[in-house]
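What follows is one structure encoded as structure tokens, with my remarks underneath.
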Amino acid sequence: MSKTVLVSGGAGFIGSHVTVELIQAGYEVVVADNFSNCDTTCFEGVKKITGREDIPLVRMDFCDEAAVRKLFADYAIDAVIHFAAYKAVGESVAEPVKYYKNNLQSFLNVLDVAQEKGCNVLFSSSATVYGEPDTVPVTEQSPRKPATSPYGNTKQMCEDFLRDTVLATKGLVKGIALRYFNPIGAHPSALIGELPRGVPNNLVPFITQTAIGKRECLSIFGNDYPTPDGTCQRDYIDIVDLARAHVFAVRRMLDGKMEQDYEIFNVGTGRPVSVLELVNAFEKVNGLKLNYKFAPRRAGDVSAIWADPTLANEKLGWRAERSVEETLKSAWDWEKHLAGK
Ligand code: UDP
3 MSKTVLVSGG AGFIGSHVTV ELIQAGYEVV VADNFSNCDT TCFEGVKKIT
53 GREDIPLVRM DFCDEAAVRK LFADYAIDAV IHFAAYKAVG ESVAEPVKYY
103 KNNLQSFLNV LDVAQEKGCN VLFSSSATVY GEPDTVPVTE QSPRKPATSP
153 YGNTKQMCED FLRDTVLATK GLVKGIALRY FNPIGAHPSA LIGELPRGVP
203 NNLVPFITQT AIGKRECLSI FGNDYPTPDG TCQRDYIDIV DLARAHVFAV
253 RRMLDGKMEQ DYEIFNVGTG RPVSVLELVN AFEKVNGLKL NYKFAPRRAG
303 DVSAIWADPT LANEKLGWRA ERSVEETLKS AWDWEKHLAG K
């Protein structure tokens, strides 16, 4: 019988891509979302891509403990992947209480029920936990630096919540934290992708919205960083590759293959790409010119960070496959799909 995975925040950008990959790998998925930062576009896209009209969708808030309990009572959940969280760094600085309440309470509710049920938990963490690293690439052993935003702090704290729960339950709850680098792009079908509300904070949605004419000009934040071309370097990971990593991690958990009850994996390509290189690649692969200018540095940005993904390559048997060009083409296809072109 196929196993059932609960995907909290499953209607969002990452959650919808993960749902597709899980279903295509033979898992049953329950999607739960409060739609605070998305609409049903991606969920509808997931149904189309998978040909599954019957995917359960539960509208609920994970901060509501009674609703979380009911969810676990209504469905036999083998593992939960927890995405439901706020994610805007700048907003978290302006409204820390909102971030702490939402991101911590929702995960605590999940852990509370998971420890009662002996359910496995996969937490969606972030490379932000490394802060400004002393050396790059970062491995899972690289120290976590003090968080530079309440958002980053919630990622660190939630990792610790999971580690401590696994320890206290003596492995009845098994946990994996996946530390994402910079997820970009969209599904090759162009039926699901990123849907930022208002002005995008992230680079690639800003690029595609500038290219389509929604934004006048991309500002490249800083060209005086100590990097080869002066712009920041990141590890841009294709969203489908990132989603596939979750399938490998869930399989490892549910098939009893974990070597420790709590494991952490970097999910990145291992390849640094600068902002300017990304812009140039976008222009080249999509055959267009982008309006951009150099602007002052953005507060809180680290100059360079990329992953050493060796552990995920070796232990999960996963590796990033799509080229940055393919990914940037998919991002542009998605933007055109949204514009009805
Ligand atoms: N960036 C930029 N212009 C923008 C948005 C982002 O130059 O309009 C840069 C940003 O300074 C960083 C990189 O793009 O160096 C990636 O930023 P993003 O917000 O996408 O992800 P982060 O690495 O901050 O999580």
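Numbering (my numbering), first residue to last: 3 to 343. For glycine and all other residues, C-beta sits at the position ideal for the given N, C-alpha and C.
Note to self: Quick check: does the Cβ of Ala94 come within less than 7 angstroms of any heavy atom belonging to ligand 1?
What the structure shows: Going by the sequence as given, residue 94 is Ser instead of Ala. Ser94 Cβ: outside cutoff for every heavy atom of ligand 1.
Next item on the list: Using alpha carbons as the reference points, say which of Phe37, Asn203, Cys160 and Arg61 lies closest to Leu113.
Entry: Cys160
Next item on the list: Keeping to the same chain, check which residues put their C-beta closer than 7 angstroms to that of Val20; ignore five residues upstream and five downstream.
Entry: Val9, Ile83, Ala245 and His248
Check: Bridge partners of Asp240, per DSSP?
Finding: Ile186
Checklist line | Among Asp41, Glu218, Ala129 and Ile214, nearest to Ala149 - alpha-carbon criterion | finding: The candidate whose alpha carbon is nearest that of Ala149 is Ala129.
Item checked: Euclidean distance between Cα positions of Val99 and Thr156 -> 11 angstroms
Next item on the list: Go ahead and pull the three-state DSSP assignment for Leu290.
Entry: In the structure shown, the three-state DSSP call for Leu290 is coil.
Item checked: Short Cβ contact (8 angstroms threshold) for Val140 with Asn268 -> yes
Item checked: Supposed close pair Asp63, Val7 - CB separation, criterion 8 angstroms -> Not quite, the Cβ-Cβ distance comes to about 20 angstroms (not below 8 angstroms), so this is no contact.
Next item on the list: Would you kindly work out how many angstroms separate the C-alpha atoms of Ala68 and Leu205, rounded to a whole number?
Entry: 38 angstroms
Next item on the list: Within the same chain, show all residues whose beta-carbon is closer than 8 angstroms to that of Ala78, passing over the 5 residues directly before and after it, in chain order.
Entry: Thr6
Check: Quick one: what's got a C-beta closer than 7 angstroms to Leu292's C-beta in the same chain, skipping five residues either side?
Finding: Ile209, Thr212, Ala213, Leu220, Val281, Phe284 and Glu285
Next item on the list: Report the three-state DSSP secondary structure of Tyr264 (helix, strand or coil).
Entry: strand
Item checked: Local conformation of Val32 per DSSP, three classes -> DSSP places Val32 in strand when its eight states are reduced to three.
Item checked: Own chain residues within Cβ distance below 6 angstroms of Val277, not counting five before or after -> Ile222, Thr233 and Cys234
Next item on the list: Please work out which residues of its chain come closer than 7 angstroms, Cβ to Cβ, to Pro202, disregarding the five sequence neighbours upstream and downstream, and give them in chain order.
Entry: Phe208 and Gln211
Check: Can the beta-carbon of Trp320 be found less than 8 angstroms from the beta-carbon of Gly272?
Finding: no
Check: Just how far apart, CA to CA, sit Lys368 and Asn288?
Finding: In the structure as shown, the chain begins at 3 and stops at 343. Residue 368 is therefore absent and cannot be evaluated.
Notebook entry, point to check: Where do the ends of the alpha helix (DSSP H) carrying Thr52 lie?
Noted result: Element bounds for Thr52: Thr43 to Thr52.
Check: When the Cα of Pro228 is compared with those of Arg54, Phe183, Ala297 and Ala306, which residue comes out closest?
Finding: Ala306
Next item on the list: Compute every distance between the C-beta of Ile194 and the non-hydrogen atoms of ligand 1, then say whether any falls below 7 angstroms.
Entry: no
Next item on the list: Sort out for me which residues DSSP pairs Leu124 with in a bridge.
Entry: Its beta-bridge partners are Ile83 and Ile178.
Next item on the list: Starting from Thr271, trace the beta strand (DSSP E) both ways and give me its first and last residue.
Entry: Per DSSP, Thr271 belongs to no beta strand (DSSP E) and is neither H nor E.
Checklist line | Residues that Lys295 bridges to, as DSSP identifies them | finding: DSSP, once it has assigned bridges, lists Ser221 as partnering Lys295.
Next item on the list: List the DSSP bridge partners of Gln117.
Entry: Answer is none; Gln117 lacks a bridge partner.
Item checked: Contact shell at 6 angstroms, judged by CB to any heavy atom of ligand 2, ordered along the chain -> No copy of ligand 2 appears in this structure; the ligands present are ligand 1.
Notebook entry, point to check: Does the distance from the C-beta atom of Leu352 to that of Gly154 stay below 8 angstroms?
Noted result: The displayed coordinates of the chain run from 3 to 343. Any statement about residue 352 would go beyond what the structure contains.
Check: Any idea what DSSP makes of Thr329, helix, strand or coil?
Finding: helix
Item checked: Sequence-distant residues of its chain with Cβ nearer than 6 angstroms to Arg236 (five each side left out) -> Closer than 6 angstroms at the Cβ level, and outside the excluded window around Arg236, lie Asn184.
Check: Which of helix, strand or coil does DSSP assign to Gly26?
Finding: Here residue 26 is Gln; the residue named in the question, Gly, does not match the sequence. Note: Gln26 maps to helix in three-state DSSP.
Next item on the list: For Phe45, I'd like the list of residues in its chain whose CB is within less than 7 angstroms of its CB, leaving aside the five on either flank, ordered along the chain.
Entry: In the same chain as Phe45, and ignoring 5 residues on each side of it, the C-beta atoms closer than 7 angstroms to its own belong to Ala13, Ser18, Val33 and Leu59, in chain order.
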